[in-house]
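*Asks:* Using numbering that gives the first Met the number 0, read the sequence shown as starting at 0 and increasing by one per residue. Yeah, the Cβ is synthetic: ideal placement off N, Cα and C, and Gly gets one too.
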Amino acid sequence: MIGLVDFFATSGMPDVHVHSWWLLWPWSYCALVMLLLVGLARLRRSRPVPEADAPTVSVVVTARNEAQDLPRCLAALAALDYPADKLQLVLVNDRSTDATGTLLEQFAAAHAHAVVLHSAQQPDNGLEGKARGLAHGMDAATGEWILITDADAAMPSAWVRHMMGVAGDDAVMVGGALAVAPTRWWGWFEGVMLQFLLAFSHAAAGLGIPFACIGPNMGIRADAYRRAGGLVTRGVFVAEDLALFEIARSDGRPIRLAADLPTTVTVVPVPRPVLLFSQLRRWLGGGVVERPAVAVGLVVALAWGLGVLWFFLAGWTTVPRTDWATFAAAKVTVEAVLLGVMHRRLGGDRPLRRLLALQLYQAVALLFLPLSFALTRRLRWVGDGYAVIYRSLVLAALLAASTVPLAGQAPPPDPRAAALAEAYLAADRDSVDRWIDRAVALSRTALVSAPASADAHYWLAAALGRRAARADLGGALRAGRESFQEARRALALDSLHPGAHAIIARLNEEGARYSWPFRLFIATATGITEVRRASAVEAEREYRTAVRLDPASVLNHHDLGRFLATAGRIEEAEAQWRLLCVLPPRAPVDEWLRADLRRRIDEAARRPQAPLPCTP
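1. Over the uninterrupted alpha helix (DSSP H) stretch that includes I502, give me the two end residues.
2. Under the three-state reduction of DSSP, which class applies to L23: helix, strand or coil?
3. Is the beta carbon of L206 closer than 9 Å to that of G647?
4. Among the residues of its own chain, which have a CB less than 7 Å from the CB of A566, if the five just before and after it don't count?
5. Once the 5 residues before and after P261 are set aside, which same chain residues still bring their CB inside 7 Å of it?
6. Please report how far the alpha carbon of I145 lies from the alpha carbon of V553, in whole angstroms.
7. When DSSP builds the beta bridges, which residues end up paired with H117?
8. Quick check on G464: buried or exposed, where buried means 16 or more other Cβ atoms within 10 Å of its Cβ?
9. Do A62 and S27 have their C-beta atoms within less than 9 Å of each other?
10. Just reading off the beta strand (DSSP E) that S57 is part of, what are its end residues?
11. Specify, as a first and last residue, the run of the beta strand (DSSP E) that A154 falls within.
12. In this structure, what does DSSP give as the bridge partners for R477?
13. Going by DSSP, which residues form a beta bridge with W144?
14. Please return the same chain residues whose Cβ sits closer than 6 Å to the Cβ of E485, not counting the five positions on each side in sequence.
15. Can you tell me which of the three DSSP states A566 falls into?
16. Looking at the strands, I want to know which residues DSSP matches up with M172.
17. Which class does V331 belong to by DSSP, given the choice of helix, strand or coil?
18. Given C29, which residues of its chain have a CB within under 7 Å of its CB, disregarding the five upstream and five downstream residues?
19. For I502, decide whether its Cβ has a neighbour in chain B, counting only Cβ atoms nearer than 9 Å.
20. May I ask which residues mark the beginning and end of the alpha helix (DSSP H) holding T544?
21. Could you spell out where the beta strand (DSSP E) holding V264 opens and where it closes?
22. Here's a check: name, in chain order, each residue in its chain whose Cβ is nearer than 7 Å to the Cβ of I208, leaving out the five neighbours to either side.
23. Below 9 Å between beta carbons: does that hold for G167 and R255?
24. Kindly identify the DSSP beta-bridge partner or partners of Q87.
25. Return the first residue and the last residue of the alpha helix (DSSP H) that F106 is part of.
26. If I follow the unbroken alpha helix (DSSP H) through L459, where does it start and stop?
27. How many angstroms separate the CA atom of A300 from the CA atom of R280?
28. Which residues bound the alpha helix (DSSP H) around V318?
29. Could you tell me the distance, in whole angstroms, from the CA atom of L579 to the CA atom of E239?
30. So P70 is in the alpha helix (DSSP H); what residue range does that whole segment cover?
31. Would you call D222 buried or exposed, if buried means 16 or more other Cβ atoms sit within 10 Å of its Cβ?
32. Are A511 and A475 close, meaning C-beta to C-beta below 9 Å?
33. Excluding sequence positions up to five away, which residues of its chain have a Cβ less than 8 Å from the Cβ of V179?
34. Is DSSP giving G384 helix, strand or coil here?
35. What's the gap between the Cα of A504 and the Cα of A545?
36. A98 and A107 - do their beta-carbons sit closer together than 9 Å?
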């Protein structure tokens, strides 16, 4: 700090004011690293659970095309030191095309406590990537605890005992650390990257504010997982570990993390050095795709980190060089101490080599990672034998903005609109149902984090309305009742919400089709007394309200026109559809709606060759 004192002593007030702000920015990073050190010091080391207190545990491993790395994992599973009558191994072959399935079957034949599932033989759960097989495996788990690891990972023989020791009697989730086996020259770089990121999550846990667990080394109580409905209800596509963490956090019981050798799982490096960058993109993108609220925090963190990096590399051009040198020395020192603490807990490469790797990692992550999301068209997930392609964050935001007119209101910060658009456009019934279920799951998740959001209530109402239209009578009554309730809640929060008015219109339209006795039955069965008063007049009023509130919505004009055509008011319907045809399409489904015009007019007018009011 000598340079900082000299600076204040020799500078005039205007310069002091400007430079002091520049100094507060980078010095806050050093303060953060010191706080991480405090958190790691408070993180207790694991102890094995006594055998008398050992709970039943299911270890779930999902594998796809992992024949090369799987033998290492299976050998570690076979060597686990845990009572055999309290341990179940659930091995999932997730549609592999290599010898993975054969290896798993051979292992299960030799170990009575192991069971093999083939996801291709299971009902489609609507999930993708690792989440698909993991959900099947967790559904088959019989233990009180479910521990999760990867097919390219190996764990110490005492892993289960120590993880259960960390969990104790009251925790709902437990997490360990990761190390990278130095089997390839770039493995040491990946290991440093992992240890630096783990320092943040585990230090936060040591401070009493855990915010994440890592997929290849975590566990959750089975009762909490099933009470929340499992991964299927979360509609997870990318970050299955984040979805599980959210389930645990909503449970209310403690979440505990450990960082020592008995609770550390070792994974093999990524297959090629270039995939290190792809892995960073997946980690960042997964959080944003599954939890859009994380996006704001990540943008702020990246901007702050970029400022610190710029000051470290070029701060000498802005402040006196003594101050810059003081900060640079402090940054390198606290990072060296942090890596040393993680090395002592988890092992790793030589300290100096690791420190240099960290500087390179920070430069690549902060300079090129945000830029990559603006330039590339895809977010590629490659790891553990999977290769799933997702839209980039920028394109995901554009997609959400373009599909929102499907509902006629402001864009949501998540893929719910995309899910409903896919439900419109899907060709077969199974695909439609899968996307509707995803839209329902995403909307329920949004309501948990934003119960006062009219948009969140609307999206759930819209998805449930689509489900009701495709269900049997009992399912339609249940989904229709909840759809109506959510639409009313949206209007209670925002009386000018066009999408909610459109849903109320559709429910009135559907109800008015039935006789009064049947409407009375529906009202009694669902508890929605408004169904008894459902009428075409009220439906038209609500449809016109939706059009008035959002006159640029293709969907609103289409639905009003369809309603008028069904009532035999063809000229009025065509007037609405002419307006539809001059509106710019804002969603993939808009073109489909235009193509639907001929069928609607033909059905309403009973004219097989009726002319279109416009050319789709």
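*Replies:* Inspection of the coordinates gives the following:
1. To locate residue 502, count along the sequence shown from 1; it is residue 503. 497-511 is the extent of the alpha helix (DSSP H) around I502.
2. Counted from its first residue, the sequence shown places residue 23 at position 24. L23: helix per DSSP, three-state reduction.
3. What is shown of the chain runs 0 to 615, which leaves residue 647 out entirely.
4. The residue you call residue 566 lines up with position 567 of the sequence shown. Contacts found: A535.
5. The residue labelled residue 261 in the question sits at position 262 within the sequence shown. Correct list, in chain order: S45, P155, A157, W158, H161.
6. Reading the sequence shown from its first residue, position 146 is the one you call residue 145. Reading the sequence shown from its first residue, position 554 is the one you call residue 553. Spanning the alpha carbons of I145 and V553 requires a straight line of approximately 47 Å.
7. For this step, residue 117 is matched to residue 118 along the sequence shown. BP columns for H117 point to N92.
8. One-based indexing of the sequence shown puts residue 464 at position 465. Classified as buried, G464 has 16 or more neighbouring CB atoms from the shown chains inside 10 Å of its CB.
9. Position 63 of the sequence shown holds residue 62. Position 28 of the sequence shown holds residue 27. It is not a contact, given that the beta carbons lie outside the stated cut-off.
10. Start at 1 with the first residue of the sequence shown, and residue 57 comes out as number 58. From DSSP, the beta strand (DSSP E) with S57 extends over 56-62.
11. Locating residue 154 in the sequence shown gives position 155, counting from the first residue. Here the sequence assigns Met to residue 154, which means Ala is not the residue at that position. Careful: M154 lies outside any beta strand (DSSP E) and carries neither H nor E.
12. Translated into the one-based positions of the sequence shown, residue 477 becomes position 478. DSSP output for R477 lists no bridge partner at all.
13. Within the sequence shown, numbered from 1, the residue matching residue 144 stands at position 145. Looking at the DSSP assignment, W144 forms a beta bridge with V56, R220.
14. If you number the sequence shown from 1, residue 485 lands on position 486. Once the five neighbours on either side are set aside, the close Cβ partners of E485 are H456, L459, A460.
15. Indexing the sequence shown from 1 puts residue 566 at position 567. Three-state result, A566: coil.
16. Reading the sequence shown from its first residue, position 173 is the one you call residue 172. M172 is bridged to I219, I254.
17. Within the sequence shown, the letter at position 332 stands for residue 331. Here V331 sits in helix by DSSP.
18. Counting from 1 along the sequence shown, the entry for residue 29 is found at position 30. Taking C-beta separations shorter than 7 Å and ignoring five residues to either side along the sequence, the partners of C29 in its chain run A329, K330, V333, following chain order.
19. This model lacks chain B altogether, as it is built from one protein chain only.
20. The count along the sequence shown starts at 1 and reaches residue 544 at position 545. First-last of the alpha helix (DSSP H) with T544: 535-548.
21. The residue given as residue 264 occupies position 265 in the sequence shown. Run containing V264: 263-266, per the beta strand (DSSP E) assignment.
22. Mapped onto the sequence shown, residue 208 falls at position 209. Closer than 7 Å at the Cβ level, and outside the excluded window around I208, lies no residue.
23. Position 168 of the sequence shown holds residue 167. Position 256 of the sequence shown holds residue 255. Closer than 9 Å, so yes.
24. Locating residue 87 in the sequence shown gives position 88, counting from the first residue. In the DSSP assignment, the residues bridged to Q87 are S57.
25. Residue 106 sits at position 107 when you count from the first residue of the sequence shown. Unbroken alpha helix (DSSP H) run through F106: 99-109.
26. Within the sequence shown, numbered from 1, the residue matching residue 459 stands at position 460. Taken as a continuous stretch (DSSP letters only), the alpha helix (DSSP H) holding L459 covers 453-468.
27. Taking the first residue of the sequence shown as position 1, residue 300 is located at position 301. Taking the first residue of the sequence shown as position 1, residue 280 is located at position 281. In this model, A300 and R280 are separated by some 15 Å (Cα to Cα).
28. Reading the sequence shown from its first residue, position 319 is the one you call residue 318. Here V318 belongs to no alpha helix (DSSP H), and DSSP marks it neither H nor E.
29. As a position in the sequence shown, residue 579 is number 580, starting the count at 1. As a position in the sequence shown, residue 239 is number 240, starting the count at 1. A straight line joining the alpha-carbon of L579 with that of E239 spans about 40 Å.
30. The count along the sequence shown starts at 1 and reaches residue 70 at position 71. Element bounds for P70: 69-77.
31. Within the sequence shown, residue 222 is the residue found at index 223, counting from 1. That one is exposed.
32. To locate residue 511, count along the sequence shown from 1; it is residue 512. To locate residue 475, count along the sequence shown from 1; it is residue 476. In this structure, A475 does not lie closer than 9 Å to A511 by Cβ.
33. Looking up residue 179 in the sequence shown gives position 180. The residues are G186, W187, E189, G190, L193, T265, V266, V267, P268.
34. For the purposes of this step, residue 384 is taken as residue 385 along the sequence shown, with counting starting at 1. Confidence at G384 is low in this model, with a pLDDT of 44, below 50, so its placement is unreliable and no value can be given for it.
35. Translated into positions along the sequence shown, residue 504 becomes position 505. Translated into positions along the sequence shown, residue 545 becomes position 546. Here the C-alpha atom of A504 lies approximately 9 Å from the C-alpha atom of A545.
36. Here residue 107 refers to the residue found at position 108 when the sequence shown is read from its first residue. Here residue 98 refers to the residue found at position 99 when the sequence shown is read from its first residue. Contact: no.
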